[in-house]
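Engineer: Supplied in structure tokens, the structure appears directly below.
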Amino acid sequence: MAEPVQTPQAAFPTRIFSGIQPSGGLTLGNYLGALKRFVEKQEEGIETIYCMVDMHAITVWQDPVKLRQQTREGAAAFIAAGIDPARSILFNQSQVSAHVELGWIFNCIARMGWMSRMTQFKDKAGKNSENVSLGLFAYPSLMAADILAYKATHVPVGDDQKQHLELCRDIAIKFNNDYGVNFFPIVEPVIEGAATRVMSLRDGTKKMSKSDPSDQSRINLTDDADTIAKKIRKAKTDPEPLPETLDGLKDRPEARNLVNIYAALAGHTPEQVIRDYAGAQFGTFKPALADLAVEKLEPITLEMNRLMQDPAEIDRILGQGADRADAIARPIVDQVYDIVGMVRSRRS
Ligand code: AMP
Ligand code: TRP
Numbered sequence: 013m014a015e016p017v018q019t020p021q022a023a024f025p026t027r028i029f030s031g032i033q034p035s036g037g038l039t040l041g042n043y044l045g046a047l048k049r050f051v052e053k054q055e056e057g058i059e060t061i062y063c064m065v066d067m068h069a070i071t072v073w074q075d076p077v078k079l080r081q082q083t084r085e086g087a088a089a090f091i092a093a094g095i096d097p098a099r100s101i102l103f104n105q106s107q108v109s110a111h112v113e114l115g116w117i118f119n120c121i122a123r124m125g126w127m128s129r130m131t132q133f134k135d136k137a138g139k140n141s142e143n144v145s146l147g148l149f150a151y152p153s154l155m156a157a158d159i160l161a162y163k164a165t166h167v168p169v170g171d172d173q174k175q176h177l178e179l180c181r182d183i184a185i186k187f188n189n190d191y192g193v194n195f196f197p198i199v200e201p202v203i204e205g206a207a208t209r210v211m212s213l214r215d216g217t218k219k220m221s222k223s224d225p226s227d228q229s230r231i232n233l234t235d236d237a238d239t240i241a242k243k244i245r246k247a248k249t250d251p252e253p254l255p256e257t258l259d260g261l262k263d264r265p266e267a268r269n270l271v272n273i274y275a276a277l278a279g280h281t282p283e284q285v286i287r288d289y290a291g292a293q294f295g296t297f298k299p300a301l302a303d304l305a306v307e308k309l310e311p312i313t314l315e316m317n318r319l320m321q322d323p324a325e326i327d328r329i330l331g332q333g334a335d336r337a338d339a340i341a342r343p344i345v346d347q348v349y350d351i352v353g354m355v356r357s358r359r360s
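The sequence shown begins at 13 in the working numbering and counts up one residue at a time.
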């Protein structure tokens, strides 16, 4: 891969960008791995740009009616979780054409070999790789464009996105080297907290995912209190009580997952949770976790439902966010066209 760029990163002001696909309802994994941390960044007073990546969602076919609904629901989840559209920029990707324009340029920078190594593509394509969309293969290059259209420097994500962010760095480095510029920053992944990878409630070795066929495997942000409590009570575990130290959870993925979820929801470290619950049976721990989950998630679900009663207001917020996003990204992409040598002679 390309050589690291030598120029100092300090030249780029701190700016956060992150995105979530509206390809289904959001889960507890999205909340703890992404949303909750997006809010923390906003509260730190950093410039934050958050996006419902609808162009990414259609790399796998989406029902148009549901796609619109899920985009609005995702936006409602952002706001209900604490994203303030006046402080953060909140919009949907397809309303800002800079993303796909830069995405194409990056398709010409990224190498086939780099893309072929992306594990998310391999997982999603499975044995069906001849029959998935070209867009699914190019997905990480569009993701790099999402970030770099804003010259974002930091990207909060869950653990599963680490490889895509490494690719984003490689694309930025190669672009800078190929054109002899110091134009794009080399982004820093921000993967932190107790729940960077929330696992399925049915199988502690699989990521909790909105696309898992079993609804029991996940907690949806639209689940009511009763459903949340039931799913936690039925979550797969082992017969042992919780151990005295974190080390004792090493080969117990399901137990480890529930401890991590508790820690992330409570804002504690997993060590603290183990200290509080050492020796406890799941018969004690699960109801405590269910209460905590309901306490933290119910207000978000209720607020989401309230916001969803006024889709026109959500659309207005997304439109306004898109205008603000466009004002940042348009001049950056225009400079990219100049750098790569496009004639630009239109007067409007
Ligand atoms: P996606 O739903 O795939 O668009 O993911 C949106 C964001 O949520 C990304 O930052 C993911 O890394 C994060 N995320 C998704 N699932 C999980 C999970 N099970 N645990 C932690 N983070 C997750
Ligand atoms: N690929 C991310 C996911 O599936 C979503 C995403 C698209 C994203 N563009 C992004 C995340 C830019 C961070 C930054 O989780």
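From the three backbone atoms N, C-alpha and C, an ideal C-beta is built for every residue, glycine too.
None of these values were measured; they are calculated from a predicted model.
State buried or exposed for Val108, treating a residue as buried only when at least 16 other CB atoms are found within 10 Å of its CB.
Structural biologist: Burial call: buried.
Engineer: Three or more C-beta pairs under 8 Å: does that hold for the segment 199-209 against the segment 65-78?
Structural biologist: The segment 199-209 is not in contact with the segment 65-78.
Engineer: Can you give me the start and stop residues for the alpha helix (DSSP H) that Asn272 sits inside?
Structural biologist: Asn272 -> alpha helix (DSSP H) spans Pro265 to Ala278.
Engineer: Between the Cα of Ala237 and those of Tyr191, Glu310 and Arg27, spot the shortest distance and give me the residue it belongs to.
Structural biologist: The shortest C-alpha separation from Ala237 is found at Glu310.
Engineer: Which same chain residues, not among the five before or five after Lys53, have their C-beta less than 7 Å away from its C-beta?
Structural biologist: Within the same chain, Lys53 has close Cβ partners Ile28, Thr60 and Pro168.
Engineer: In three-state DSSP terms, what is Met64?
Structural biologist: DSSP places Met64 in strand when its eight states are reduced to three.
Engineer: Could you compute how far the alpha carbon of Arg245 sits from the alpha carbon of Gly216?
Structural biologist: In a straight line, the C-alpha of Arg245 is about 15 Å away from that of Gly216.
Engineer: Please classify Met13 as buried or exposed, where buried requires at least 16 other C-beta atoms within 10 Å of its C-beta.
Structural biologist: Because Met13 sits at a pLDDT of 49, beneath the cut-off of 50, its placement in the model cannot be relied upon, and the following sentence gives the value as read from the coordinates. By the 10 Å Cβ count, Met13 comes out exposed.
Engineer: Sorted by chain position, which residues of the same chain lie with C-beta nearer than 7 Å to Gln12's C-beta, five sequence neighbours on each side aside?
Structural biologist: Lying before the first or after the last residue shown, residue 12 is absent from the chain, which here runs from 13 to 360.
Engineer: Determine the direct distance from the alpha carbon of Lys308 to that of Thr281, and round the result to whole angstroms.
Structural biologist: The straight-line gap from Cα to Cα measures roughly 17 Å.
Engineer: Please identify the residue among Thr165, Lys163, Thr83 and Leu179 whose C-alpha is closest to the C-alpha of Asn119.
Structural biologist: Closest option to Asn119, Cα to Cα, is Leu179.
Engineer: Give the C-beta separation of Phe103 and Leu330 to the nearest angstrom, bearing in mind that I take them to be a contact with Cβ-Cβ under 8 Å.
Structural biologist: At roughly 5 Å, the Cβ-Cβ gap stays under 8 Å, so Phe103 and Leu330 are in contact.
Engineer: Which term fits Glu56, buried or exposed, when burial requires 16 or more other beta carbons within 10 angstroms of its beta carbon?
Structural biologist: It is exposed - the Cβ of Glu56 has fewer than 16 other Cβ atoms within 10 Å.
Engineer: State the Cα-Cα distance for the pair Asn140 and Met127, rounded to the nearest angstrom.
Structural biologist: So the two alpha carbons sit approximately 17 Å from each other.
Engineer: Using the three-state DSSP reduction, which class does Val202 fall into: helix, strand or coil?
Structural biologist: The answer is strand: DSSP assigns Val202 an E or B state.
Engineer: At a cut-off of 7 Å, would you count Phe196 as near the ligand TRP, judging by its Cβ distance to the nearest heavy atom?
Structural biologist: No, since every heavy atom of the ligand TRP falls outside the 7 Å radius drawn around the Cβ of Phe196.
Engineer: Which partner residues does Arg27 have in the DSSP bridge list?
Structural biologist: Paired residues: Glu59.
Engineer: Cβ of Met155 within 7 Å of any heavy atom in the ligand TRP?
Structural biologist: True, at least one ligand heavy atom lies under 7 Å from that Cβ.
Engineer: With DSSP run on the structure shown, which of helix, strand or coil describes Asn104?
Structural biologist: Three-state result, Asn104: strand.
Engineer: Just to confirm the assignment: which complete beta strand (DSSP E) runs, minimum length 3, are found wholly within the segment 147-222?
Structural biologist: Runs of the beta strand (DSSP E) inside the segment 147-222: 166-168 and 200-202.
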